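Going down the list, the sequences are from chains A and B.
Remember, this note's numbering sits 962 above the position in the first sequence when you count from 1.
Remember, this note's numbering sits 79 above the position in the second sequence when you count from 1.
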Amino acid sequence: MYRNKSSLPFVYDSSSLFLPWMIMLMIFIASLSAAGGISLNNTLQHWNRAISGSLTIQIPTHDKSGTFRGENVNQDIEKTLSYLRGQEAIKSAKKLSTEQMRKLMDPWLGNLEDFNELPLPELIDVTLNKEVHLDFDSLKEGLLKIVPSASLDLHRVWLERLIALAEGVKKITTLVLILLILTTSLTVIYSTRSSLAVHKPAIELLHMMGAKDSYIAFQYALRVLKLSLLGGFAGLGLSFPVILTISALVTELKGSFLMSAPQGSHFWSLLAFLPFLASALSVGTAYLTVHKHLRRFI
Amino acid sequence: MTLSIFKNQKNAPIVTFEGVGLRYSEGPEVLRDIDFSLEPGSIHFLTGESGAGKTSLLSLMYLDNRPTRGKVRLFGNPVEKTERKYLPFIRRKIGVVFQDFRLLNHLSTFDNVALPLRIAGVKESEIRKHVGELIKWVGLSAQINAKVTTLSGGQKQRVAIARAVINRPALLLADEPTGNVDDELAKRLLHLFIELNKLGTTVLIATHSEPLIHHFGFERLHLEHGRLTHLPALGNSLSPKNFKTKKEAENV
Chain A
963 MYRNKSSLPF
973 VYDSSSLFLP
983 WMIMLMIFIA
993 SLSAAGGISL
1003 NNTLQHWNRA
1013 ISGSLTIQIP
1023 THDKSGTFRG
1033 ENVNQDIEKT
1043 LSYLRGQEAI
1053 KSAKKLSTEQ
1063 MRKLMDPWLG
1073 NLEDFNELPL
1083 PELIDVTLNK
1093 EVHLDFDSLK
1103 EGLLKIVPSA
1113 SLDLHRVWLE
1123 RLIALAEGVK
1133 KITTLVLILL
1143 ILTTSLTVIY
1153 STRSSLAVHK
1163 PAIELLHMMG
1173 AKDSYIAFQY
1183 ALRVLKLSLL
1193 GGFAGLGLSF
1203 PVILTISALV
1213 TELKGSFLMS
1223 APQGSHFWSL
1233 LAFLPFLASA
1243 LSVGTAYLTV
1253 HKHLRRFI
Chain B
80 MTLSIFKNQK
90 NAPIVTFEGV
100 GLRYSEGPEV
110 LRDIDFSLEP
120 GSIHFLTGES
130 GAGKTSLLSL
140 MYLDNRPTRG
150 KVRLFGNPVE
160 KTERKYLPFI
170 RRKIGVVFQD
180 FRLLNHLSTF
190 DNVALPLRIA
200 GVKESEIRKH
210 VGELIKWVGL
220 SAQINAKVTT
230 LSGGQKQRVA
240 IARAVINRPA
250 LLLADEPTGN
260 VDDELAKRLL
270 HLFIELNKLG
280 TTVLIATHSE
290 PLIHHFGFER
300 LHLEHGRLTH
310 LPALGNSLSP
320 KNFKTKKEAE
330 NV
């Protein structure tokens, strides 16, 4: 029968109606950024675990004119292995078997019958001793003196470049989020100020009836809470299909080295938390803006 | 500063003006050298021609304006020295009927009348009981859930009066409270003020209505060109003789 509505006539106030749209956009971008950031983080960890403590040495089976080097290949392999075993920074070194090579090349070459006829180099997989610092240049120099045809591939060098790139992308994502937070806060501040100007007569009336500033600020906070939750969940709702579609596409690239799809209850809980976070930010901003503004009143 | 409003100051004047002047921005003084006090439980008419400064005088009492000179004391508290955070507690002891009603158009009759109680944090069950009774008393039971925009001028005025008296204020200020109602209803509403006055509320009614002034015969504060004079009661003289100008108080 009796309805306890807001004491301020927000129903006639269009100044804050674009707030849900703003929050919706913010949550949509924030959700996608969070999904991208988490994916990138997972990928970096995966890369680090997979290849950071290893290097590969290639021993060519053919010389530059394309002639099979025969027994020299085995000799070079033996020399290389014995040199590596003498190094403190090397934990283990092992020549890859033909079967392992075939498995490694399988995604590119398929099940090739005359695999053995290919002029592929022999590969030595080296695991580094993490407790000892590796002087890559002196290792390379020492090995080339013994086996001039060998070539060394330290994964860490290009991995570090990729990590730097990924870290850069992460920083940009964080910057975008900070900008979104700033923009939302400013939107709330200006829409609240504009609304305070519109409702000045009603606010004066409430003051005359004995309303404290906190009573009026609470009315605003409640209004902004409703609008931001509305916008927040709409933004989240919009981001779900986009994230799910991208995740599905990434998952299709099975074993992809480039990206891992975000997943797990932690990820989805984080996303569901975003509208509440944005609402808390908006409500706090509105409450403080009203309090500050009302200090000018008698 | 501790507010003396929270202490039980018996017989201290509810309102005291000492050498009060008021001007808006750089304009001329609309109120000049106002000196008077209102004793607890008194009831007065505030008379004067349009533009004499009646609404301005009332606005100083309901704290919508601050005097440009002189001192105003409400419930024993000097207004200019009272911290802003204490003003709501003073205002909650004052009921105001505005000339232009100042109702909140998005709310119903019930919610408009209930507003002072909600602001004061009264329980909803109490609010329902008291507001319902008062709305019935002012004859608006049928409009209890109606939006105030659908009410007539007279009905709006009754809502404004009900809102002003719902929390049984210690000081009731009414600016032309019967301007939009017929004589019979005007008298009935004035009787409501008298009932409140009997319960201890100090009442000041700004009015132009000669019939009311003659019928009820309360003592008069009369404003002319921004200056206040004390005129004797006309007609029935229902009110106690408790108004004193500063000069009279000094003589006593």
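Every residue, glycine too, gets a C-beta built ideally from N, C-alpha and C.
Here the structure is a predicted model, which is why all the values come from computation and not from measurement.
Of the choices B:V227, B:V210, B:H270 and B:G232, whose alpha-carbon is the least far from that of A241 of chain B? Selected option, being the one with the closest Cα: B:V210.
Regarding S138 of chain B and the ligand ATP, is the C-beta to nearest heavy atom distance less than 7 Å? In terms of ligand content, the structure shown is empty, and the ligand ATP therefore cannot be addressed.
Could you tell me the boundaries of the beta strand (DSSP E) in which V176 of chain B lies? Note, V176 of chain B: beta strand (DSSP E), I173 to V176.
Could I get the ranges of all uninterrupted alpha helix (DSSP H) runs contained in the region 1139-1189 of chain A, with 4 residues as the minimum, in chain order? Whole alpha helix (DSSP H) segments, 4+ residues: 1162-1170.
Apart from the five residues just before and just after T1042 of chain A, which ones in its own chain have a Cβ nearer than 8 Å to its Cβ? Around T1042 of chain A: I1019, I1021, A1055, I1086, L1105, I1108, V1109 and A1112.
Identify the continuous beta strand (DSSP E) that holds F96 of chain B and give its terminal residues. Boundaries of the beta strand (DSSP E) harbouring F96 of chain B: V94 to R102, taken from the DSSP string.
Against chain A, with Cβ distances strictly below 8 Å, would R102 of chain B count as a contact? Taking 8 Å as the CB threshold, R102 of chain B stays off the interface with chain A.
Flag this pair as yes or no: are the beta carbons of A249 of chain B and T281 of chain B separated by less than 8 Å? In contact: A249 of chain B and T281 of chain B (Cβ atoms closer than 8 Å).
Residues, ordered as in the chain, of the region 1156-1180 of chain A that lie near chain B by beta-carbon distance below 8 Å: For the region 1156-1180 of chain A, the residues whose beta carbon sits under 8 Å from a beta carbon of chain B are, in order, P1163, A1164, E1166, L1167, L1168, H1169, M1170, M1171, G1172, A1173, K1174 and Y1177.
Decide if N1078 of chain A is buried, meaning its Cβ has at least 16 other Cβ atoms within 10 Å, or exposed. So N1078 of chain A ends up on the exposed side.
Taking V176 of chain B as the reference, which of B:S220, B:L302 and B:M140 has the closest Cα? Closest option to V176 of chain B, Cα to Cα, is B:M140.
Contact belief for L307 of chain B with I113 of chain B at Cβ below 8 Å, rounded distance in angstroms: Between I113 of chain B and L307 of chain B the Cβ distance is about 5 Å, and since that is below 8 Å, they are a contact.
By alpha-carbon positions, which one of A:N1073, A:M984 and A:L1090 ends up nearest to K1017 of chain A? With the sequence shown as reference, residue 1017 of chain A is identified as Leu, and Lys is not the correct amino acid for it. It is A:L1090.
Between the alpha carbons of S135 of chain B and S976 of chain A, how many angstroms are there, rounded? In this model, S135 of chain B and S976 of chain A are separated by some 33 Å (Cα to Cα).
According to the neighbour-count rule (16 or more other Cβ atoms, all chains shown, within 10 Å of its Cβ), is L283 of chain B buried or exposed? The Cβ neighbour count for L283 of chain B, taken over all protein chains shown within 10 Å, is at least 16; the residue is labelled buried.
Counting only beta-carbon separations shorter than 8 Å, does R148 of chain B have a partner in chain A? For R148 of chain B, no Cβ of chain A is located within less than 8 Å of the residue's own Cβ.
Bridge partners of H309 of chain B, per DSSP? Paired residues: B:L300.
Identify, in the order they occur along the chain, each residue of the same chain with its Cβ nearer than 7 Å to the Cβ of P1083 of chain A, setting aside the five sequence neighbours on each side. Q1020, I1021, P1022 and T1023.
Separation of G130 of chain B from H304 of chain B, as counted between CA atoms: Going by the C-alpha atoms only, they are around 8 Å apart.
With a threshold of 8 Å between beta-carbons, can N270 of chain B be considered close to chain A, or not? The sequence as given places His at residue 270 of chain B; Asn does not occur at that position. Answer no: the Cβ-Cβ gap between H270 of chain B and chain A never drops below 8 Å.
Can you check whether the C-beta of P1203 of chain A is within less than 8 Å of a C-beta belonging to chain B? No - not a single Cβ of chain B is within 8 Å of the one on P1203 of chain A.
Closest to D143 of chain B by CA distance: which of A:Q1049, A:E1166, A:H1253 and A:L1101 is it? Selected option, being the one with the closest Cα: A:E1166.
Between K326 of chain B and L300 of chain B, what straight-line distance do the alpha-carbon atoms span, to the nearest angstrom? Note on K326 of chain B: pLDDT 45, under 50, position unreliable in the model; the coordinate value appears next. Between the C-alpha atoms of K326 of chain B and L300 of chain B there is a straight-line separation of about 14 Å.
Within 8 Å of any Cβ in chain B, is that where the Cβ of P971 of chain A sits? At least one chain B Cβ lies under 8 Å of P971 of chain A.
Taking buried to mean at least 16 other C-beta atoms within 10 Å of its own C-beta, is G919 of chain A buried or exposed? A query on residue 919 of chain A cannot be resolved here, the shown segment of chain A reaching from 963 to 1260 and no further.
Using a C-beta to C-beta distance shorter than 9 Å, which residues of chain B count as neighbours of I1151 of chain A? Residues of chain B with a Cβ closer than 9 Å to the Cβ of I1151 of chain A do not exist; the shortest Cβ-Cβ separation is about 22 Å.
Answer with buried or exposed for F1202 of chain A, where buried requires no fewer than 16 other C-beta atoms within 10 angstroms of its C-beta. In summary, F1202 of chain A is exposed, with fewer than 16 beta-carbon neighbours lying within 10 Å of its beta-carbon over all protein chains present.
Buried or exposed for D1038 of chain A, please, with buried defined as at least 16 other CB atoms from any protein chain shown within 10 angstroms of its CB. So D1038 of chain A ends up on the buried side.
In its own chain, which residues sit with a C-beta less than 6 Å from the C-beta of S1244 of chain A, not counting the 5 before and 5 after it? Excluding sequence neighbours, S1244 of chain A sits near V1150, V1186 and S1190.
Identity of the residue in B:E263, B:H309, B:S121 and B:R171 nearest K277 of chain B by Cα: Of B:E263, B:H309, B:S121 and B:R171, the smallest CA-CA separation from K277 of chain B is found for B:S121.
Does the beta carbon of N225 of chain B sit closer than 8 Å to a beta carbon anywhere in chain A? The residue you asked about is not Asn; residue 225 of chain B is Ala in the sequence shown. Residue-level contact by beta carbon fails for A225 of chain B and chain A, as no gap is shorter than 8 Å.
Near A1248 of chain A, what residues of its chain come up, given a Cβ to Cβ distance below 7 Å and the 5 sequence neighbours on each side ignored? Apart from sequence neighbours up to five positions away, the residues of its chain that approach A1248 of chain A with a beta-carbon distance below 7 Å are V1150, T1154, Y1182, A1183 and V1186, ordered along the chain.
Within chain A, partners of H209 of chain B - CB distance below 9 Å: By Cβ distance, chain A contributes nothing, its closest Cβ being about 13 Å from H209 of chain B, past 9 Å.
Taking the alpha helix (DSSP H) that E1103 of chain A falls in, what are its first and last residues? It spans F1098 to I1108 - the alpha helix (DSSP H) in which E1103 of chain A sits, taken as one unbroken run.
What's the call for F1030 of chain A, buried or exposed, on a 16-neighbour Cβ count within 10 Å? With fewer than 16 other Cβ atoms within 10 Å, it is exposed.
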